[in-house]
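Engineer: To start, I am sharing the structure in question, which I have written as structure tokens.
Residue numbers (the working numbering): 176 to 310.
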């Protein structure tokens, strides 16, 4: 199986095609329980830049394969780029973004909650309903 990190539903579809229908596919997607797009993009940008992904050749090459341009990938990253890697908004908005991975071939989606440790459990609890999970 595969557990891709920092990917998009488009990558999930490509990965499913490569690994076939029977292998486990569990991509990671970052989530941020913030409705304000400008604030969410700023937080997402800070997280992605903290780990220097836009200066790591393997990540940059993968992002380019997904259709991002040099302009998108010039630090600190374009809004389009950050928006693709960080699901934000209401719980329903976030759940819809996560379901895109399931629709494109994921068996499971690993959720990385951004915003600090105090956001983890409340965010997961809020997402449980829209994702059809029991608390």
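Glycine is no exception: its CB is placed at the ideal position from the N, C-alpha and C atoms.
Computed from a predicted structure; not experimentally measured.
For residue 259, which option in 219, 307, 304, 309 has the closest C-alpha, if you only look at C-alpha atoms?
Structural biologist: Checked all of 219, 307, 304, 309; the closest Cα to residue 259 is 219.
Engineer: Identify which residue in 269, 279, 275 has its Cα closest to the Cα of residue 303.
Structural biologist: Nearest C-alpha to residue 303: 269.
Engineer: If I'm right that residue 202 touches residue 281 with Cβ under 8 Å, what's the distance once you round it to whole angstroms?
Structural biologist: Sure, about 5 Å apart at Cβ, within 8 Å.
Engineer: With which residues is residue 204 paired in a DSSP beta bridge?
Structural biologist: In DSSP, residue 204 forms a bridge with 286.
Engineer: Taking buried to mean at least 16 other C-beta atoms within 10 Å of its own C-beta, is residue 199 buried or exposed?
Structural biologist: Exposed, since its Cβ has fewer than 16 Cβ neighbours within 10 Å.
Engineer: Cα separation between residue 284 and residue 188?
Structural biologist: For residue 284 and residue 188, the distance between alpha carbons rounds to 13 Å.
Engineer: Can you tell me whether DSSP reads residue 210 as helix, strand or coil?
Structural biologist: Residue 210 falls in the coil class under three-state DSSP.
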